[in-house]
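Residue numbering for the sequence shown follows the working numbering, beginning at 18 and increasing consecutively.
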Amino acid sequence: MVTEFAAELWKITLDLAAPLLLGLLIAGLLHVWLPRAWIERQLSRRTFGSVVRAVLVGVPMPLCSCGVVPTAIALRRQGASNGATTAFLISTPQTGVDSILVSASFLGWPFAIFKVIAAAVTGLMGGALANATDTQVAVDGGALAIGDAPRSRSLVEAVRYAIFELLAMIDRWLIVGVVVAAVLSVALPADFFADQEWTRGLLGMLLVLAVALPLYVCTTSSVPIAASLIAAGMPLGSALVFLMAGPATNLATMGAVYRGLGGKILAIYLGTVSVMSMVLGIGFEFVLADVAPPAHVHVHGGHWWSTVSAVLLIGLVAALSVRRIVLRIRGGAPLQGEDMDVKLEVKGMTCQHCVANVKKALEAVDGVEEAIPDLAGSRVLVRGGGLNVEALVRVVEKAGYSATAL
């Protein structure tokens, strides 16, 4: 059993590594080549065109459900309409360039393409509904700016962003996803769900939706889990519901959306994801009923690039884990002689994108020399001189999080 589990882990890693690394590189290039100020300008009008542009920007962007919330809040405060903000919020975490390639590898191009279409359609529906119910004037620019600071547009910067921002955001969830997928592959016999009536039709989709909505699973790590469930006989429609609702929402995201964007946007956000995942799940089974995901027949050793990619991915994840431990140790031991240290407990900081947003917001405050977030402990050590604790708390809350001085 242990040998079979280890072999399955390696097989899944071989399938995952090459498309994931390619997707991360493409995402890094998009980051350094696409000006953020241009994005903000395109989303400011309360028109369906802004909603469409928000979806076009959001679909290829590799942000998880918790990482997308601060970005959406910042866009809203920069003047983006409710519709564009909601469309971006819904469409972005469901897919990304890395997830598209991984989905094609595990589930085939028809499934991957339909998944992209599903994310786009869901975002368009949510954005249009938000615009239709929007009776407020646009929010003023506010203190949280995410403008276009000068940055390098080199390949080195693209790789740095891909590894230390994007991969660092999802590496632990990738580990969880691969391990869960391997366990399912070993524990569930082929066609296990084929004879289970409860997995079929609306009931099966509703049960999957009830589990997926509060659950945090990043879009890339959800793919091997879904592939294992499909291999065990789960209907394709139910699997699509899991792949849409799981990455799009989680309990932490719901609270952050409510605090940062209000109850109406939260209701539109959850309602659109729930209803459209069910509708598109049914549509997927109807349109692509005869299209089966590719059977992964793993040749011993695989292609050489798969092996190299797998080894590289494992090395990068290990290096990020070591780096995270070192940074936590250094951040947990303040240096002597500092003018002032302030410790904040920050709720809702659940990924590396959250860390980057909190760090950027705090370090823009006068007197702050350095902000050292501790993601695992949900705390931030702020160093500087003449610090105003209330101002620090306010700027974190404006970034979309909850903060308390310790």
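Just so you know, even glycine gets a beta-carbon here, dropped at the ideal spot from N, CA and C.
A residue is called buried when at least 16 other Cβ atoms come within 10 angstroms of its Cβ; residue 290 meets this threshold and is buried. The count of Cβ pairs closer than 8 angstroms, one atom from the stretch 231-238 and one from the stretch 58-74, stays below three, leaving the stretches out of contact.
The beta carbon of residue 205 lies closer than 6 angstroms to those of 249 in the same chain, with the five residues before and after it left out. In the DSSP secondary-structure assignment, residue 421 is bridged to 362. Looking at the backbone, the Cα of residue 365 and that of residue 241 are separated by about 27 angstroms.
Our two residues, residue 46 and residue 215, have alpha carbons roughly 44 angstroms apart in a direct line.
The beta carbons of residue 131 and residue 301 sit about 6 angstroms from each other, so the pair counts as a contact at 8 angstroms. Following the DSSP letters along the chain, one finds residue 398 inside the beta strand (DSSP E) bounded by residues 396-401. Here residue 422 has 359, 361, 406 and 410 as same chain residues with Cβ atoms under 7 angstroms from its own Cβ, once five neighbours each way along the sequence are excluded.
Under the DSSP assignment, residue 234 falls outside any alpha helix (DSSP H); it carries neither an H nor an E label. Assignment of residue 127 by DSSP, reduced to helix, strand and coil, places it in the helix class. Judged by their CB atoms, residue 236 and residue 125 are not nearer to each other than the 8 angstroms cut-off. Short of 7 angstroms from the beta carbon of residue 78, and not among the five residues preceding or following it, lie these beta carbons of its own chain, in chain order: 109 and 113.
If you check the CB distance, residue 323 and residue 26 do not come in under 8 angstroms. Looking at the DSSP output, residue 252 bridges to nothing. Separation of residue 141 and residue 217 (C-alpha to C-alpha, rounded to the nearest whole angstrom) is 28 angstroms. Residue 77 sits in coil when the DSSP states are folded into three classes, being neither helix nor strand. In the three-state scheme derived from DSSP, where H, G and I count as helix and E and B as strand, residue 385 is classed as strand.
CA-CA distance, residue 105 to residue 75, rounds to 5 angstroms. With distances taken between CA atoms, residue 279 lies nearest to 103 out of 37, 103, 66 and 181.
Rounded to whole angstroms, residue 392 and residue 371 show a C-alpha spacing of 9 angstroms. Approximately 5 angstroms separates the beta-carbon atoms of residue 412 and residue 378; this is inside 8 angstroms, confirming the contact. Taking every protein chain shown into account, the CB of residue 383 has fewer than 16 other CB atoms within 10 angstroms, so this residue is exposed. Remark: C-beta atoms of residue 286 and residue 107 approach each other more closely than 8 angstroms. In the three-state reduction of the DSSP assignment, residue 151 falls in the coil class.
Contact check for residue 24 and residue 60: beta-carbon distance about 47 angstroms, past the 8 angstroms limit, so the pair fails to qualify. Distance from the Cα of residue 99 is smallest, within the candidate group 28, 151 and 66, for 151.
The beta carbons of residue 363 and residue 395 sit closer together than 8 angstroms.
Note that the C-beta distance between residue 298 and residue 255 is below 8 angstroms. Counting along the chain, the unbroken alpha helix (DSSP H) around residue 21 starts and ends at 19-50.
One thing to note: residue 326 has its Cβ no nearer than 8 angstroms to the Cβ of residue 121.
In this structure, residue 295 keeps its C-beta atom at 8 angstroms or more from the C-beta atom of residue 224.
As for any alpha helix (DSSP H) of minimum length 4 sitting wholly inside the stretch 166-206, the runs are 172-178 and 185-204, ordered along the chain. Of all alpha-carbon atoms in 111, 367, 43 and 246, the one lying nearest the alpha-carbon of residue 201 is that of 246. Per the DSSP secondary-structure output, residue 390 pairs in a beta bridge with 397.
DSSP, read as helix, strand or coil, puts residue 368 in coil.
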